[in-house]
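Novice:
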Amino acid sequence: MTTTKKDLALKISDELGVRKQLAYEIVDTLFKAMRDSLVEGNRIEIRGFGVLGIKPTKPKPAARNPRTGEIV
Numbered sequence: 152m153t154t155t156k157k158d159l160a161l162k163i164s165d166e167l168g169v170r171k172q173l174a175y176e177i178v179d180t181l182f183k184a185m186r187d188s189l190v191e192g193n194r195i196e197i198r199g200f201g202v203l204g205i206k207p208t209k210p211k212p213a214a215r216n217p218r219t220g221e222i223v
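When the sequence shown is numbered by our numbering, its final residue is 223 and no position is left out of the sequence of numbers.
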């Protein structure tokens, strides 16, 4: 089963007794802040949960058409 931002907002709304719209704004703001931090090259460490970071990958080789050998 997948948990969405909406699911998280509803859980926060129920547990804290805040409006659903406010809970969604909180979740959305949190994820925007996390994304911005990752884009800046920072690591996010949440104790008791995990660590998020960008992992550099090697560039993929150029794809070729198997019939013609042409680079796609």
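Each residue gets a CB set at the ideal place from its N, CA and C atoms; glycine is no exception.
Note that the structure is predicted; figures quoted are calculated from it, not measured.
Contact between the region 203-217 and the region 186-193: three or more CB pairs below 8 Å?
Specialist: These segments touch.
Novice: Using 10 angstroms around the beta-carbon of A214, count the other beta-carbons present and answer buried if the total reaches 16, otherwise exposed.
Specialist: So A214 ends up on the exposed side.
Novice: Quick check on A160: buried or exposed, where buried means 16 or more other Cβ atoms within 10 Å of its Cβ?
Specialist: Its Cβ being crowded by 16 or more others within 10 Å, A160 is buried.
Novice: Could you have a look at I205 and say whether DSSP puts it in helix, strand or coil?
Specialist: In this structure, I205 counts as coil in the three-state DSSP scheme.
Novice: Assuming I177 contacts I197 (C-beta within less than 8 Å), just tell me the rounded distance between them.
Specialist: No, I177 and I197 are not in contact; Cβ-Cβ is about 16 Å, not under 8 Å.
Novice: Identify the continuous beta strand (DSSP E) that holds I195 and give its terminal residues.
Specialist: Element bounds for I195: I195 to I197.
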